[in-house]
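In the numbering used here, the protein residues as written are 4 to 540. Backbone N, C-alpha and C define an ideal beta-carbon position, used for all residues, glycine too.
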């Protein structure tokens, strides 16, 4: 780690869990980065730190670490704050959760101070109440939120605690984050995620976090916010209207990352006032058919727009069909694609707890007894197929370890994780030529491409069926040959971790020019084999 420099004393009310008036608290926070112009009467966020019983304070200290003393600043790096509706392993419905689980530790390993902010959907046993409270304007009323915290893999994980998150999900709806049933949204999702955006903007200024051996105290105001998908679309607008117009977060920047263009956060045009944003931002959210569009607002108001693979970026601006009616907006702003990595500590065939026989690139073979058994079963039941539609972590690992080929016939795939997992386990991929599959699977070297498939989900095109069948037959003929063995080796020797993508993210975020931001270092992830995170019973 680069040499450390000690700066001034951090004596915020939040850090010590003491009561006091809000104006004093704001002055304490602002003092970390120098004087700021203040107009607190115009802000829609009211922050306070309330006195708590001694026992509760000690519990908070267990989550937030030792009491703050000196603010420690590294000579390199950035202050990066990721904000999203999901964060694996605490909450996850797809790739968004995986990115916010895996990319931040890789950024932290390079010497950056990194925070991830997401809702507290459950009573996570490893996250503790910081005792810091904010009042956030939610529609026509103020709502109280609390901030829970844990420090894992070099990253400050912050959970926004409010009944609209915890009471909807925990033990009541089968962990449905966005609605009570698949395909059904909660009616107040606009208010829920507006609350997330506003609370996320408060966290870097008011939370005094001290677990990191290289940094302590609040993050301050010279930060980069990385917004993810439609749920964080208004964050850039709140930053400009509630903070920067009042001299706060003057140097802060935002990046907006699209993980799946299909979900855009479209709401009735009449709902715009519920966001409590000035009229000047309405045009950024205004959309067709009398709707407002959160993703459109996020794209237009951010300082930089990204997505999860270079080829997906090209597809998004190619036309309405793949850009889902936002292609013209992204052509206007520009969009950068950075391919995702994967958690190579969780998916490691040499150490996988779910598989009986561990292996690596130097050992690609199975037990002869089972090989003979499977060959016999294939001869006896050539037309039998079993489909497992419910997710099972152990079974997923078994399939990756045991399969000869992995078929990923996606109509569209922003980046894709399953093909990375397959290649990590030496399983070449038979895939459609779309999105991140183009960027990660190389024809004839690590897999087989079918060509692009139709994006019309209501119709099965005969031409698409022919493409898939022809490519699968071609791949099956290769299995068992020296060419196939070479493909297995090619798959397994790749570095599929977040290390490379994290460096690409670093370079992009540095280009935003936030004050004090510097390149990081070449480091390895802190504690990659973190304990499993599960909710308390």
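In chain order, which continuous runs of the alpha helix (DSSP H) of length 4 or greater are located wholly inside the stretch 117-189?
You should have 166-172.
Rounding to the nearest angstrom, what Cα-Cα distance links residue 3 and residue 92 in this structure?
Since the displayed the chain opens at 4 and closes at 540, residue 3 lies outside it and no answer follows.
Expressed to the nearest angstrom, what Euclidean distance is found between the alpha-carbon atoms of residue 203 and residue 230?
Spanning the two alpha carbons is a distance of roughly 10 angstroms.
What ranges does the beta strand (DSSP E) occupy inside the stretch 392-425, keeping only unbroken runs of at least 3 residues that lie completely in it?
With a minimum length of 3 residues, the continuous beta strand (DSSP E) runs that stay inside the stretch 392-425 are 409-411.
Less than 8 angstroms separating the beta-carbons of residue 81 and residue 512?
In this structure, the beta-carbon distance from residue 81 to residue 512 falls below 8 angstroms.
Assigned secondary structure, residue 196 (DSSP; H/G/I helix, E/B strand, else coil):
Three-state result, residue 196: helix.
From 189, 253, 289, pick the residue whose C-alpha is nearest to that of residue 517; which is it?
Per the Cα distances, 253.
Roughly how many angstroms separate the alpha carbons of residue 67 and residue 129, rounded to a whole number?
At residue 67, the pLDDT of 38 sits below 50, so the modelled position is not reliable and the matter cannot be decided from this model.
DSSP puts residue 289 in a beta bridge; with which residues?
Paired residue(s): 295.
Assess, as a yes-or-no matter, whether the stretch 230-242 is touched by the stretch 191-209 under the definition of 3 or more beta carbon pairs within less than 8 angstroms.
Output reads yes: the stretch 230-242 touches the stretch 191-209.
For residue 270 versus residue 294, is the C-beta spacing smaller than 8 angstroms?
Yes; because the gap between Cβ atoms is below 8 angstroms, this pair is in contact.
Since I believe residue 113 is in contact with residue 397 (beta carbons under 8 angstroms), could you give me their beta-carbon distance rounded to a whole number of angstroms?
In this structure residue 397 is not in contact with residue 113, their Cβ atoms being roughly 33 angstroms apart against a cut-off of 8 angstroms.
Measure from the alpha carbon of residue 552 to the alpha carbon of each residue in 97, 476, 274, 385, then state which is nearest.
Residue 552 falls outside the range modelled here, since the chain spans only 4 to 540, and no answer is possible.
Does the stretch 473-484 come within contact of the stretch 301-318, defined as at least 3 CB pairs closer than 8 angstroms?
Contact fails: fewer than three Cβ-Cβ distances are below 8 angstroms.
Supposed close pair residue 224, residue 258 - CB separation, criterion 8 angstroms
Between residue 224 and residue 258, the beta carbon gap of about 17 angstroms keeps them out of contact (Cβ cut-off 8 angstroms).
Ignore the nearest five residues each way along the sequence and tell me which others in residue 520's own chain have a CB closer than 7 angstroms to its CB.
These residues qualify, in order along the chain: 81, 513.
Residue 460 classed as buried or exposed, judged by whether at least 16 other C-beta atoms fall within 10 angstroms
That one is exposed.
Short of 7 angstroms in beta carbon distance, which residues of its chain neighbour residue 281, apart from the five on each side in sequence? Order them along the chain.
Non-local beta-carbon contacts of residue 281 in its own chain, meaning distances under 7 angstroms to residues more than five positions away in sequence, involve 244 in chain order.
Got a sec, what are the start and stop residues for the beta strand (DSSP E) residue 261 sits in?
In this chain, the beta strand (DSSP E) harbouring residue 261 covers 256-261.
Kindly indicate the opening and closing residues of the alpha helix (DSSP H) around residue 493.
That run of the alpha helix (DSSP H) goes 485-495.
Top-ranked residue by Cα proximity to residue 190, from 429, 277, 361, 494
Of the listed residues, the one whose Cα sits closest to residue 190 is 277.
Starting from residue 441 and walking both ways along the alpha helix (DSSP H), at which residues does that stretch end?
Following the DSSP letters along the chain, one finds residue 441 inside the alpha helix (DSSP H) bounded by residues 438-443.
Straight-line CA distance for residue 418 to residue 333?
Whole-angstrom Cα-Cα distance: 18 angstroms.
Which whole-angstrom value is the C-beta distance of residue 358 and residue 400, which I expect to be below 8 angstroms?
Indeed, because the Cβ distance is near 6 angstroms, the residues count as touching under 8 angstroms.
Which same chain residues end up closer than 8 angstroms to residue 363 when comparing Cβ atoms and leaving out the 5 residues on each side of it in sequence?
If we look at residue 363 and ignore the five residues flanking it on each side, its Cβ neighbours are 352, 353, 495.
Tell me the DSSP secondary structure of residue 115 in three-state form.
Residue 115 sits in coil when the DSSP states are folded into three classes, being neither helix nor strand.
May I ask whether a heavy atom of the ligand SAH can be found less than 7 angstroms away from the beta carbon of residue 237?
In terms of ligand content, the structure shown is empty, and the ligand SAH therefore cannot be addressed.
Do you know offhand how far residue 2's Cα is from residue 119's?
For the chain, the structure presents residues 4 to 540; residue 2 sits outside this window and is missing.
Cβ of residue 149 within 8 angstroms of Cβ of residue 132?
Contact: yes.
Below 8 angstroms between beta carbons: does that hold for residue 137 and residue 162?
Against a cut-off of 8 angstroms, the Cβ pair of residue 162 and residue 137 comes out as no contact.
Residue 450 (DSSP reduced to helix, strand or coil):
The DSSP-derived three-state label of residue 450 is strand.
Any beta-carbon of chain D closer than 8 angstroms to the one on residue 270?
Note that chain D does not occur in the displayed structure, where there is just one protein chain.
Out of curiosity, what's the CA-to-CA distance linking residue 24 and residue 228?
Here the model assigns residue 24 a pLDDT of 34, short of 50, so the residue's position is not dependable and the matter cannot be decided.
Can residue 367 and residue 491 be called in contact, C-beta distance under 8 angstroms?
Going by C-beta atoms, residue 367 is nearer than 8 angstroms to residue 491.
Run of the alpha helix (DSSP H) containing residue 245, from where it starts to where it stops:
First-last for residue 245: undefined, no H or E at that position.
Excluding the five sequence neighbours on either side, which residues of its own chain have a C-beta within less than 7 angstroms of the C-beta of residue 436, listed in chain order?
The residues are 452, 453, 454, 455.
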